[in-house]
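Quick note, the sequences are listed as chains C and V, same order.
So the mapping is simple: the numbering used here equals the position in the first sequence, first residue as 1, plus 358.
So the mapping is simple: the numbering used here equals the position in the second sequence, first residue as 1, plus 172.
Here a beta-carbon is modelled for each residue, glycine too, at the ideal position from N, C-alpha and C.
Each remark here refers to the structure printed beneath this line.
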Amino acid sequence: MKIRTGDITTHVQRLDAQVSGEEQGEPPVVVFVHGLLTDSLASYYFTLGPSFAAAGIDVIMYDLRGHGRSERPETGYQIECFVDDLVALLDALGERRRVHLVGNSFGGTVAAGAAAWYPERIASLTLIEAEPPVPRWTEHMANGLALAKEQLVHEEVIDWIKDNRGAHTARLSRHAGRILNSTTLADEVWSGRVIDDDLSAITCPVLAIFGDESGLVAQVPLFESMLERSRVVVLPEQGHSVLVERTKETRELVLEWIREHDLTEAAT
Amino acid sequence: MTTDATGFATAKSPLGTDAGAVLADIAGMLRELLEEYGLDDAEITRETTFHEDLELESIDLVALSGTLREHYGNRVNFAEFVADLELDQIIELTVGQLVDHVVASLRATEAS
Chain C
359 MKIRTGDITT HVQRLDAQVS GEEQGEPPVV VFVHGLLTDS LASYYFTLGP SFAAAGIDVI
419 MYDLRGHGRS ERPETGYQIE CFVDDLVALL DALGERRRVH LVGNSFGGTV AAGAAAWYPE
479 RIASLTLIEA EPPVPRWTEH MANGLALAKE QLVHEEVIDW IKDNRGAHTA RLSRHAGRIL
539 NSTTLADEVW SGRVIDDDLS AITCPVLAIF GDESGLVAQV PLFESMLERS RVVVLPEQGH
599 SVLVERTKET RELVLEWIRE HDLTEAAT
Chain V
173 MTTDATGFAT AKSPLGTDAG AVLADIAGML RELLEEYGLD DAEITRETTF HEDLELESID
233 LVALSGTLRE HYGNRVNFAE FVADLELDQI IELTVGQLVD HVVASLRATE AS
């Protein structure tokens, strides 16, 4: 369904927890946040979503602004816009429980921002191959997006991608080029609010999952030393596409994590 | 709805569970989806692939899944069907595979 969240319309899909008769009280609720440009809620709808509902967890999946079937305004792509959309979505759905946030790649950046700026709404945070919105992250994004915006409009670049990475990736890349060149996303997404490098703004329990061949794995010592209530898992022989390529392991890790950190009963 | 003397309404219901009727239903759903992208002349057969032929992305399959649920109710769970597939298989998914899944799901609930 589509629902009004602040100044845009957001596409959301919910799967209700399948609860056995014996269980008491409200089930936990998880919100899945997808990645940038080539991604949508489909990445969860066809992977983790159904199994989490089957495991007795209410599931909320949505398309970020500019993505999937949500509205694509021309401007308004600072990280705090994405975070505010997430909170507006919870309000619009009447969600009063603390939510377990799971973010993949850029979705993890959004989820980390929400954990830092709206701690009262969050039960736990799971980052899959993601970097919180720290100053260093803004540099990575500014450079990467400027390059993508310039390159992905050229047909010869798309053709190269098609020859080397396949037709599907080429089509996704062309789609990403269109978003970048019809909105201010590339200039804005890194230009907004940040949190300190030491991640002290994030106070909820954090599960961070990385692939050992990904550049993002360099954050492991930071997560291990600076977050008291964190767990870090590094998957061997794995690059950035953890969610797609290691779906089953990710599912088990996050399900166990949410069961351990289910605050529904403890919440007042 | 009242049943007229021809028995047409009762003949149409319950929903057809043969592959031909399901293919016609799904082709209609896909045409509606494609119209949103300004495509209204796509040929849809059992061999048509969602990604390569119709250029639908996975988010469009989510929309299709919602339409299937509206049409068939809980008897058809497309999300679970797709969740069991590998990414390569999702990319190569054909209309015929979806038709077969729907027919099998409908027959399973009829039998129970």
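* Asked: Of all the options Met419(C), Tyr403(C), Asp620(C) and Ser572(C), which has the alpha carbon lying nearest to the alpha carbon of Lys360(C)?
  -> By one-based count along the first sequence, residue 360(C) stands at place 2. Selected option, being the one with the closest Cα: Met419(C).
* Would you mind telling me which residues of chain C sit closer than 9 Å to Glu242(V), beta carbon to beta carbon, in chain order? => Locating residue 242(V) in the second sequence gives position 70, where the first residue counts as 1. Ordered by position in chain C, no residue passes the 9 Å Cβ test against Glu242(V), which lies about 11 Å from the chain.
* Spell out whether any CB of chain C is found under 9 Å from the CB atom of Thr266(V). => Taking the second sequence and counting its residues from 1, one reaches residue 266(V) at position 94. Chain C contact via Cβ: absent.
* **Which of helix, strand or coil DSSP assigns to Asp176(V)** => Start at 1 with the first residue of the second sequence, and residue 176(V) comes out as number 4. Model confidence at Asp176(V) stands at a pLDDT of 43, short of 50, so the residue's coordinates are unreliable and nothing is read from them.
* So is Asn462(C) buried or exposed if we call it buried at 16+ other beta carbons inside 10 Å? -> The sequence position of residue 462(C) within the first sequence is 104, counting from 1. Classification of Asn462(C): buried, given that the 10 Å Cβ count is 16 or more.
* Over what stretch of residues does the alpha helix (DSSP H) that includes Asn501(C) continue unbroken? -> Your numbering for residue 501(C) matches position 143 in the first sequence. Note, Asn501(C): alpha helix (DSSP H), Pro493 to Gln509.
* Roughly how many whole angstroms lie between the Cα atoms of Ser409(C) and Glu508(C)? -> Here the question's residue 409(C) lines up with position 51 in the first sequence. Here the question's residue 508(C) lines up with position 150 in the first sequence. So the alpha carbons of these two residues sit roughly 39 Å apart.
* To do: Apply the 10 Å Cβ neighbour rule to Thr217(V) and answer buried if 16 or more other Cβ atoms are within range, or exposed otherwise.
  => Locating residue 217(V) in the second sequence gives position 45, where the first residue counts as 1. Per the 10 Å Cβ criterion, exposed.
* Does the beta-carbon of His630(C) have 16 or more other beta-carbons within 10 angstroms, so that it is buried, or is it exposed? -> Since the first residue of chain C shown is 359 and the last is 626, residue 630(C) is not available in this structure.
* Asked: Would you call the segment 457-477 of chain C and the segment 556-568 of chain C in contact, with 3 or more CB pairs under 8 Å?
  -> Two segments are said to touch when three or more pairs of C-beta atoms, one from each, lie closer than 8 Å; by this definition the segment 457-477 of chain C touches the segment 556-568 of chain C.
* According to the Cβ coordinates, are His598(C) and Glu487(C) closer than 9 Å? -> Numbered from its first residue, the first sequence carries residue 598(C) at position 240. Numbered from its first residue, the first sequence carries residue 487(C) at position 129. Yes, Cβ-Cβ distance for His598(C) and Glu487(C) is below 9 Å.
* What separation, rounded to the nearest whole angstrom, lies between the Cα atoms of Gln577(C) and Ala446(C)? -> For the purposes of this step, residue 577(C) is taken as the residue at position 219 of the first sequence. For the purposes of this step, residue 446(C) is taken as the residue at position 88 of the first sequence. Taking the straight line joining both Cα atoms gives about 30 Å.
* **Element boundaries [alpha helix (DSSP H), containing His533(C)]** => Here residue 533(C) refers to the residue found at position 175 of the first sequence. Note, His533(C): alpha helix (DSSP H), Ala525 to Ser540.
* 7 Å Cβ shell around Thr178(V) - same chain, five flanking residues per side excluded -> Residue numbering aside, residue 178(V) sits at position 6 when the second sequence is read from its first letter. Reliability fails at Thr178(V), whose pLDDT of 40 lies under 50, so the model's placement of it is uncertain and no value is given.
* **Against chain C: residues of the segment 211-236 of chain V by CB proximity under 9 Å** => His223, Glu224, Glu227, Glu229, Ser230, Ile231, Asp232, Leu233, Val234 and Ala235
* To do: Check the DSSP bridge columns for Asn462(C) and list the partner residues they point to.
  => By one-based count along the first sequence, residue 462(C) stands at place 104. The partner list for Asn462(C) (beta bridge, DSSP) reads Ile486(C).
* Asked: Where do the N-terminal and C-terminal ends of the alpha helix (DSSP H) with Gly200(V) fall, by residue?
  -> The residue given as residue 200(V) occupies position 28 in the second sequence. DSSP places Gly200(V) inside the alpha helix (DSSP H), whose first and last residues are Ala191 to Glu207.
* **Arg362(C) - DSSP class collapsed to helix/strand/coil** => Here residue 362(C) corresponds to residue number 4 of the first sequence, with the count starting at 1. Of the three classes helix, strand and coil, the one that applies to Arg362(C) here is strand, per DSSP.
* **DSSP-derived helix/strand/coil call for Tyr403(C)** => Against the first sequence, residue 403(C) aligns to sequence position 45. The answer is helix: DSSP assigns Tyr403(C) an H, G or I state.
* **Whole-angstrom distance between Val275(V) and Thr542(C), CA atom to CA atom** => Start at 1 with the first residue of the first sequence, and residue 542(C) comes out as number 184. Start at 1 with the first residue of the second sequence, and residue 275(V) comes out as number 103. So the two alpha carbons sit approximately 46 Å from each other.
* Asked: So, Leu510(C) versus Gly535(C), is the Cβ gap smaller than 9 Å?
  -> Locating residue 510(C) in the first sequence gives position 152, where the first residue counts as 1. Locating residue 535(C) in the first sequence gives position 177, where the first residue counts as 1. By the CB criterion at 9 Å, Leu510(C) and Gly535(C) fall inside the cutoff.
* Assign Ala566(C) to one of three DSSP states: helix, strand, or coil. => As a first step, residue 566(C) is located in the first sequence; it is residue number 208 there, counting from the start. In the structure shown, Ala566(C) sits in a strand (DSSP, three-state: E or B).
* **chain C contacts from the segment 258-283 of chain V (Cβ-Cβ distance under 7 Å)** => Of all residues in the segment 258-283 of chain V, Leu259, Ile262 and Ile263 have a Cβ within less than 7 Å of some Cβ in chain C.
* Starting from Tyr244(V), trace the alpha helix (DSSP H) both ways and give me its first and last residue. => In the second sequence, counting from the first residue as 1, residue 244(V) sits at position 72. Where Tyr244(V) is concerned, the enclosing alpha helix (DSSP H) stretches over Ser230 to Tyr244.
* Pick out whichever of Ile415(C), Gln376(C), Gly364(C) and Tyr435(C) has its Cα sitting closest to the Cα of Leu395(C). => On the first sequence, position 37 is the one that residue 395(C) refers to. Leu395(C) has its Cα closest to that of Tyr435(C), out of Ile415(C), Gln376(C), Gly364(C) and Tyr435(C).
* Asked: Does DSSP put Ala283(V) in a helix, in a strand, or in coil?
  -> Mapped onto the second sequence, residue 283(V) falls at position 111. Note: Ala283(V) maps to helix in three-state DSSP.
* Excluding sequence positions up to five away, which residues of its chain have a Cβ less than 6 Å from the Cβ of Asp555(C)? -> Numbered from 1 along the first sequence, position 197 holds the residue referred to as residue 555(C). Excluding positions up to five away in sequence, the list reads Val492.
* Asked: Can at least three beta-carbon pairs, one atom from the segment 420-430 of chain C and one from the segment 366-373 of chain C, be found at a separation below 8 Å?
  -> yes
* To do: Would you mind reading off the limits of the beta strand (DSSP E) that contains Val592(C)?
  => Along the first sequence, read from residue 1 onward, the residue named residue 592(C) stands at position 234. Residues Ser588 to Leu593.
* Give a yes or no on whether the minimum CB-CB distance between Asn291(V) and chain C is below 9 Å. => In the structure as shown, chain V begins at 173 and stops at 284. Residue 291(V) is therefore absent and cannot be evaluated.
* In the DSSP assignment, find the unbroken alpha helix (DSSP H) run with Asp260(V) in it and report its ends. => Position 88 of the second sequence holds residue 260(V). Per DSSP, Asp260(V) belongs to the alpha helix (DSSP H) from Leu259 to Ile263.
* Short CB-CB distance (under 9 Å) between Glu252(V) and chain C -> Taking the first residue of the second sequence as 1, we reach residue 252(V) at position 80. So, interface residue.
* Asked: Between the beta-carbon of His392(C) and the beta-carbon of Ala481(C), is there less than 9 Å?
  -> Along the first sequence, one-based indexing puts residue 392(C) at 34. Along the first sequence, one-based indexing puts residue 481(C) at 123. Going by C-beta atoms, His392(C) is not nearer than 9 Å to Ala481(C).
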